[in-house]
Amino acid sequence: MKPVILVFFALLLTACATTPQGPTKQDLAIQQYIEDNGIEEIHTIRDFDNPGQLIVNRRYIIAYLRKTQYLFEYAYECKLAELGTSGRPPDSRRRSNSISSGTDSFRGCAVKAIYPITYPQAEDLMALGRT
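Take the sequence shown: its letter number 115 is residue 429 in the numbering used here, and every next letter is one higher.
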């Protein structure tokens, strides 16, 4: 009888440990900002070579090129984006000079959605990530 109880508690603990966390207050604020400002999701960015990055939080990151910025939403909370290039796996992309949501990764994490944003919106989103 004791082994059955031990197995039950082990399974219960495993289920609790692997249950994904829901969105944080920051995530909800960012989602609300996207909705309130009518920021439309796009599927693919072409000519996406060597972008810079700003980490908003573990779910969102801003990638920027010379004149454009994009908010990337990861499919899950991602700690890899915070690591240097030597500490994370290479990006997985169907095409080397573009990136698509749903199939590609950025900074080692799967991209769920891509939003084109302006510089002022990038500043607002960074502020939301710090709250």
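All C-beta atoms in this analysis are idealised placements derived from N, C-alpha and C, irrespective of residue type, glycine included.
Terminal residues of the beta strand (DSSP E) in which residue i lies
i, result
"LYS426", "423-431"
"ILE375", "374-378"
"GLY499", "Outside the shown range of the chain, which is 315 to 445, sits residue 499, and nothing can be said about it."
Residue i - DSSP class collapsed to helix/strand/coil
i, result
"GLU436", "Per the sequence shown, residue 436 should be read as Ala rather than Glu. ALA436 falls in the helix class under three-state DSSP."
"GLY336", "coil"
"PHE322", "Caution applies to PHE322, whose pLDDT of 41 falls short of 50 and renders its modelled position unreliable; the value that the coordinates give is listed next. PHE322 falls in the helix class under three-state DSSP."
"ARG409", "coil"
First through last residue of the alpha helix (DSSP H) which encompasses residue i
i, result
"GLU349", "339-350"
Beta-bridge partners of residue i, as assigned by DSSP
i, result
"ILE356", "ILE428"
"TYR390", "DSSP, once it has assigned bridges, lists no residue as partnering TYR390."
"SER419", "ALA424"
"LEU385", "ILE376 and TYR429"
"SER414", "THR358"
Closest residue to residue i among the options (Cα-Cα distance)
i, options, result
"ARG421", "THR338, ASP438, ASP361 and ARG407", "ARG407"
"ASP350", "LEU439, GLY443 and ARG444", "LEU439"
"GLU387", "TYR433, GLU437, SER410 and ILE356", "ILE356"
"SER419", "THR432, ILE375 and GLY443", "ILE375"
"ARG409", "ASP361, ARG380 and TYR390", "ASP361"
"ASP363", "GLU437, ASN411 and LYS393", "ASN411"
"GLN365", "ILE413, CYS423 and GLU437", "Residue 365 is actually Pro in this sequence, not Gln. For PRO365, the nearest C-alpha among the options comes from ILE413."
Rounded Cβ spacing between residue i and residue j (contact assumed at less than 8 Å)
i, j, result
"PRO430", "THR382", "7 Å"
"ASP341", "ARG373", "5 Å"
"LYS426", "ALA389", "4 Å"
"TYR378", "ILE428", "No, TYR378 and ILE428 are not in contact; Cβ-Cβ is about 13 Å, not under 8 Å."
Beta carbon proximity, residue i to chain C, threshold 8 Å
i, result
"ILE359", "You won't find chain C in this structure, because it holds only one protein chain."
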